[in-house]
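Residue numbering for the sequence shown follows my numbering, starting at 38 and increasing by one per position.
Just so it is clear, CB atoms sit at the ideal spot from N, CA and C, and this is done for glycine as well.
Input: a single structure, listed below in structure tokens.
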Amino acid sequence: MVEIAKKLCANNLHMASFHSSYSAIFPSQRALALFLEGVEPESIQCSLIRSGLSNASVAKCSYLEKNYLVKCFDNPLEGIVESSWTKLASDIGVGPILYASDAKGKYLITEFVEGKTLDLSLARTSGFLENFAKLLKKLHTSKAPFEQKIGRAHV
Numbered sequence: 038m039v040e041i042a043k044k045l046c047a048n049n050l051h052m053a054s055f056h057s058s059y060s061a062i063f064p065s066q067r068a069l070a071l072f073l074e075g076v077e078p079e080s081i082q083c084s085l086i087r088s089g090l091s092n093a094s095v096a097k098c099s100y101l102e103k104n105y106l107v108k109c110f111d112n113p114l115e116g117i118v119e120s121s122w123t124k125l126a127s128d129i130g131v132g133p134i135l136y137a138s139d140a141k142g143k144y145l146i147t148e149f150v151e152g153k154t155l156d157l158s159l160a161r162t163s164g165f166l167e168n169f170a171k172l173l174k175k176l177h178t179s180k181a182p183f184e185q186k187i188g189r190a191h192v
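Here's what the structure looks like:
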């Protein structure tokens, strides 16, 4: 199952920046269907998400009222580093749950978390800084192995 998902993300269909929405979403549907085992890709609804500085294909996918984020990477090193950080954040409870990732950095599947883009108006709302400080404290007091080497990047 996971091996097939790896192949899907490796087939040049995952380059969201350069391909149509269809070719970017279809591998995400297939990868999630294989992860869920026995689910037909057509029964999964996906929409492309534009994200930050990454060239990765990012899709919000839904199946049976549950949402997932499926991300396929053009750059394996970027995928390895992001998967590792996502796992650490997931393990200590300050990030989305990591369901699956490829050891070669081709993809990851997490829970989808609704959110808002951080801007000054949001940062100034009541309770934001307190909640943010609690998360930072949890991160900095965790026993996570942040000093490990991941690929050529240090975490």
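Return the residue from the list the options that minimises the CA-CA distance to residue i.
{"i": "glutamine 66", "options": "Ala96, Ile86, Ser91 and Asn92", "result": "Ala96"}
{"i": "threonine 147", "options": "Lys103, Gly164 and Leu114", "result": "Lys103"}
{"i": "lysine 138", "options": "Tyr105, Leu85 and Arg87", "result": "Before going further, note that residue 138 is serine rather than lysine in the sequence given. Ranking the options by Cα distance to serine 138, first place goes to Tyr105."}
{"i": "valine 118", "options": "Ala140, Asp128 and Cys98", "result": "Ala140"}
{"i": "valine 76", "options": "Pro133, Leu166, Cys98 and Thr178", "result": "Cys98"}
{"i": "threonine 178", "options": "Phe63, Ala93, Asn112 and Leu125", "result": "Leu125"}
Going by beta carbon distance, what residues of the same chain come within less than 6 Å of residue i, once the five residues before and after it are set aside?
{"i": "valine 131", "result": "Leu172, Lys175 and Leu176"}
{"i": "tyrosine 100", "result": "Ile81"}
Got a sec? Which residues, its chain only, sit under 7 Å from residue i by beta carbon, not counting five neighbours each side?
{"i": "proline 78", "result": "Gln66, Arg67 and Ala70"}
In or out: residue i buried (at least 16 other Cβ within 10 Å) or exposed?
{"i": "serine 120", "result": "buried"}
{"i": "glycine 116", "result": "buried"}
{"i": "threonine 123", "result": "buried"}
{"i": "leucine 73", "result": "buried"}
{"i": "leucine 155", "result": "exposed"}
{"i": "alanine 93", "result": "buried"}
Per the DSSP calculation, residue i is bridged to which residue(s)?
{"i": "glutamine 82", "result": "Ser99"}
{"i": "tyrosine 136", "result": "Paired residue(s): none; tyrosine 136 is not in a bridge."}
{"i": "leucine 145", "result": "Lys108 and Ser138"}
{"i": "serine 94", "result": "Cys109"}
For residue i, which residues in the same chain have their Cβ closer than 8 Å to its Cβ, ignoring the five residues on either side in sequence?
{"i": "proline 133", "result": "Leu106, Thr123, Ala126, Ser127, Thr147, Glu148, Phe149 and Val150"}
{"i": "tyrosine 136", "result": "Phe72, Tyr105, Ile146, Thr147 and Glu148"}
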